[in-house]
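S.K.: First the structure, which I've put down as structure tokens, then a few questions once you've had a look.
In structure tokens form, the structure reads like this:
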């Protein structure tokens, strides 16, 4: 894939989504995006739509931020973290408070007054985020907010500023899932190679069809294309996992594309929120590189 020069082609908006939770969706989103930004020189905006806000917490820990609506990090905890063998250079520094969050974007009513800096935090020259928050109004059912993200991206012309916009979606069918899909050009489905996660793939197919049917106006000038399924949480060199993958590919009936490369399990990821594979010397870094290569190729393959 040829690198997108800023301003020549609008950002590709991609939802990372599965109707089954616990499939490594957030870690795939953050590590793939972070690699593309830091190693491939793409400019990327992350949007945290998952109410758990794990994507936000990872980037905030990495870059030395905390949400002002949450309790400040305890100094003793920071001191303990700084004594551990961590790749994060910010754990022993005082963190910066930020009140920027997606909560501002999903309040009922019009959002025409919002400016870019009201919802977006620039972490560095290549990486920005619309942070999630544990206090966001994710429990409310309000169809009037479904188009807020779509409208906000258009009114602030964000597609002209970034190469990719990655949306970390909740694992449920909700207003926020609809908001992500009507805004997206593509979606990726992270999945563990097990029966329950594959059921999530089948449910997602039904959700996508329903959203496209019920919100046709958003797809008049674009399609919502699947980039494919990326298998996650695989133990390196585990023959059992790869046998399962072969069986899943053989029996699936939805004509789904499966990535040849996988997001391999890394034991550090669940232990440290600020851990990013690209900054480590882990063996899984090589697997991430070839996965990123395949990710870039997919756009020319599907047209």
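Numbering (my numbering), first residue to last: 36 to 338. Every residue gets a Cβ at the ideal spot worked out from N, C-alpha and C, and that includes glycine.
(1) According to DSSP, simplified to helix, strand and coil, what is residue 310?
(2) Report all residues from its chain with a CB closer than 6 Å to the CB of residue 121; omit the five preceding and five following residues, and keep chain order.
(3) Specify, as a first and last residue, the run of the alpha helix (DSSP H) that residue 87 falls within.
(4) Should residue 348 be labelled buried (16 or more other beta-carbon atoms within 10 Å of its own) or exposed?
(5) Between residue 135 and residue 72, which are expected to be in contact by the criterion C-beta below 8 Å, what is the C-beta distance as a whole number of angstroms?
(6) Kindly indicate which three-state DSSP category residue 294 falls into: helix, strand or coil?
(7) What distance in whole Å lies between the Cβ atoms of residue 266 and residue 67, which are believed to be in contact at a cut-off of 8 Å?
(8) Using a Cβ-Cβ cutoff of less than 7 Å, which residues in the same chain neighbour residue 124 once the five nearest sequence positions on both sides are dropped?
(9) Label residue 384 either buried or exposed according to how many other C-beta atoms from any shown protein chain fall within 10 Å of its C-beta, with 16 as the threshold for buried.
(10) Let's test the definition: count the other Cβ atoms within 10 Å of the Cβ of residue 318 and tell me whether it reaches 16, buried, or not, exposed.
(11) Taking its Cβ as the centre, do 16 or more other Cβ atoms sit within 10 Å of residue 182, making it buried, or is it exposed?
(12) Would you check if the distance between the CB atom of residue 218 and the CB atom of residue 48 is smaller than 7 Å?
(13) Would residue 268 and residue 320 qualify as a contact pair, given that the criterion is a beta-carbon distance under 7 Å?
(14) With H, G and I counted as helix, E and B as strand and the rest as coil, what does DSSP make of residue 287?
(15) Enumerate in chain order the residues of its own chain whose CB-to-CB distance from residue 82 is below 6 Å, with the five nearest sequence positions on each side excluded.
(16) For the beta strand (DSSP E) holding residue 303, just list the boundary residues, first then last.
(17) With 16 other CB atoms within 10 Å as the buried threshold, where does residue 244 fall?
(18) In the DSSP assignment, what are the bridge partners of residue 206?
(19) Hey, quick one: how far does the alpha helix (DSSP H) through residue 241 stretch, first residue to last?
M.R.: Well, looking at it:
(1) coil
(2) With a pLDDT of 35 at residue 121, under the threshold of 50, the modelled position of that residue is not reliable, and the figure given next carries that caveat. Closer than 6 Å at the Cβ level, and outside the excluded window around residue 121, lies no residue.
(3) No alpha helix (DSSP H) holds residue 87; DSSP gives it neither H nor E.
(4) No information on residue 348 is available, as it lies outside the stretch 36 to 338 that the chain covers here.
(5) About 19 Å; that fails the 8 Å criterion.
(6) coil
(7) In fact, because the Cβ distance is near 13 Å, the residues do not count as touching under 8 Å.
(8) For residue 124, the predicted structure reports a pLDDT of 45, less than 50, and the residue's modelled location is therefore unreliable. A value from the coordinates is still provided. If we look at residue 124 and ignore the five residues flanking it on each side, it has no Cβ neighbours.
(9) Beyond the ends of the chain as shown, which are 36 and 338, falls residue 384; an answer cannot be given.
(10) exposed
(11) buried
(12) yes
(13) no
(14) coil
(15) 165, 202
(16) Careful: residue 303 lies outside any beta strand (DSSP E) and carries neither H nor E.
(17) exposed
(18) In DSSP, residue 206 forms no bridge with anything.
(19) 230-249
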